[in-house]
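So in the numbering used here, spot 20 of the sequence shown is number 27, and the numbers just go up one at a time.
Here is the structure we will look at.
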Amino acid sequence: MELLVSSAIGILTAAGLYLVMRLRSFPVILGISLLTYAVNVFLFASGRLTTGSPPILRYGVETYADPLPQALVLTAIVISFGMTAVVVMLALGAYLGSDDDHVDDPVPSEDEEAQS
């Protein structure tokens, strides 16, 4: 189980880094979202992967699931959803304003250099 989760974290991180290094705004947003998912899975896995264990310690129960990482991941999911929505709207506004979604700065033309 740990091997599967660690592989998923690695794949999400690699795909997220690849997309963040693209020069368009929407793949960058998608890459940041994938990196957020990788961090969420890492936080969730840090609370010991147990199956069939109750989240509350009771008498007679040897192992229990730690509720703190689950609460942190749930909070992180809500925050990342809101931030992704804001960033998508900003990128969409920038795209509609300039008809281009390149992340890098445009190279000034010779006419623009002559004016300054």
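C-beta atoms are modelled at their ideal positions from N, C-alpha and C, and glycine is treated no differently.
Start and end residues, alpha helix (DSSP H) containing residue i
i	result
PRO34	32 to 52
LEU99	74 to 105
TYR25	9 to 27
Straight-line Cα distance separating residue j from residue i
i	j	result
ASN47	ALA92	18 Å
PRO61	GLY104	52 Å
LEU41	PRO34	10 Å
ASP106	MET96	15 Å
VAL110	ALA98	10 Å
GLY67	GLY59	14 Å
ALA72	LEU81	15 Å
MET90	ALA52	23 Å
VAL85	TYR44	12 Å
SER3	GLY100	The first residue shown for the chain is 8 and the last is 123, placing residue 3 beyond what the model contains.
Proximity test, residue i beta-carbon vs the ligand GDP heavy atom, cut-off 7 Å
i	result
ALA83	Within the structure as shown, the ligand GDP is missing, as the structure has no ligands at all.
Whole-angstrom C-beta distance between residue j and residue i, which should lie under 8 Å
i	j	result
LEU50	ALA83	7 Å
GLU9	LEU79	So it is not a contact: roughly 19 Å between Cβ atoms.
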